[in-house]
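Everything below concerns the one structure shown next.
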Amino acid sequence: SQTIHQWPATLVQPVGSPLSLECTVEGTSNPNLYWYRQAAGRGLQLLFYSVGIGQISSEVPQNLSASRPQDRQFILSSKKLLLSDSGFYLCAWSYHHRKREYGETQYFGPGTRLLVL
Amino acid sequence: QKEVEQDPGPLSVPEGAIVSLNCTYSNSAFQYFMWYRQYSRKGPELLMYTYSSGNKEDGRFTAQVDKSSKYISLFIRDSQPSDSATYLCAMRQAGGYQKVTFGTGTKLQVIP
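What follows is the structure, encoded as structure tokens:
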């Protein structure tokens, strides 16, 4: 079976500090990977998605960046955090869109709660 | 107008009640429809997944899609306190990679 891990679970960082959140998926190969931010009352905002190693698409211009150094590893980074970066960050995966027979649903990790002070 | 509209609630019901959760949408190209359940401070977990119109049943949960009305529903029968969570609807178009559009979620509380 497939599992998705995120760490850390909670993070408190000062404004201006760097950020690195990591997500790994087990039990599947060549997944599509996603980073979302969830704010209260605003639903899930897609930040980045990746359909393969080194292939990153950004949905929202902002202070964050993403990288995919390995097939099942997805990293969310920032050089300097802003107060507005606080939120609940979720990583998700789906079967690669070419594997139509598996459906195209996204599966979420446990999330990282980030508080920027 | 948002692409997907969902009443934020909160919705409070007594244990054993039938719960109806709904979403409306504006994009007629949506073909895949999902419902996620999210407990407080946890990631969303997939509950139901349907393609195009019709009903799908899984235990106490039934998902309905009415594409002519651009309206989807999730019914929970014999609701339990453990069903207390936020329910997110989600949908996407078919073909290749397509972004998933989420509702903002309805918070449900089942009172024992």
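Just so you know, the protein sequences line up as chains A and B, in that order.
If you read the first sequence in my numbering, its first letter stands for residue 370, the second for the next number, and so on.
If you read the second sequence in my numbering, its first letter stands for residue 1141, the second for the next number, and so on.
Each residue gets a CB set at the ideal place from its N, CA and C atoms; glycine is no exception.
- Taking the beta carbon of valine 1205 of chain B as reference, no residue of chain A falls within 8 Å; the closest one sits roughly 15 Å away.
- When DSSP assignments are scanned along the segment 437-484 of chain A, no uninterrupted stretch of alpha helix (DSSP H) that is 4 or more residues long falls wholly within it.
- Burial state of proline 400 of chain A is buried, judged by a 10 Å Cβ sphere holding 16 or more other Cβ atoms.
- Scanning chain B for C-beta atoms nearer than 7 Å to the C-beta of glutamine 475 of chain A yields Val1240, reported in chain order.
- Using a CB distance below 9 Å, the part of the segment 1179-1203 of chain B facing chain A consists of Arg1181, Lys1182, Gly1183, Pro1184, Glu1185, Leu1186, Tyr1189 and Tyr1191, ordered along the chain.
- Exposure of glutamine 371 of chain A is indicated by the presence of fewer than 16 other C-beta atoms within 10 angstroms of its C-beta.
- Excluding residues up to 5 positions away in sequence, Thr1246 lie with their Cβ nearer than 6 Å to the Cβ of aspartate 1147 of chain B in the same chain.
- By the neighbour-count definition (other C-beta atoms within 10 Å, threshold 16), glycine 1194 of chain B is an exposed residue.
- Annotation for glutamine 371 of chain A: no beta strand (DSSP E) segment contains it, and DSSP assigns it neither H nor E.
- Only buried fits valine 1144 of chain B, as 16 or more other CB atoms lie within 10 angstroms of its CB.
- Its Cα nearest to that of phenylalanine 1173 of chain B, the residue B:Thr1202 stands out among B:Ile1158, B:Ser1152 and B:Thr1202.
- At a Cβ-Cβ threshold of 8 Å, phenylalanine 1215 of chain B and alanine 1230 of chain B do not count as neighbours.
- When DSSP assignments are scanned along the segment 1186-1239 of chain B, the uninterrupted stretches of beta strand (DSSP E) that are 3 or more residues long and fall wholly within it turn out to be 1194-1198, 1201-1206, 1211-1216 and 1225-1233.
- Alanine 409 of chain A carries a coil assignment under DSSP once its states are collapsed to helix, strand and coil.
- By the Cβ neighbour-count rule, threonine 397 of chain A is buried, with 16 or more other Cβ atoms within 10 Å of its own.
- Residue burial annotation: alanine 461 of chain A is buried, with at least 16 other C-beta atoms found within 10 angstroms of its C-beta.
- The segment 446-453 of chain A makes contact with the segment 417-436 of chain A, as at least three CB pairs between them are under 8 Å.
- If you check the CB distance, glycine 1183 of chain B and proline 479 of chain A come in under 8 Å.
- Not one beta carbon of chain A lies nearer than 8 Å to the beta carbon of methionine 1231 of chain B.
- Within the model, the alpha-carbon separation for asparagine 1162 of chain B versus tyrosine 1227 of chain B is close to 10 Å.
- Glutamate 395 of chain A: member of the beta strand (DSSP E) spanning 388-395, first to last residue.
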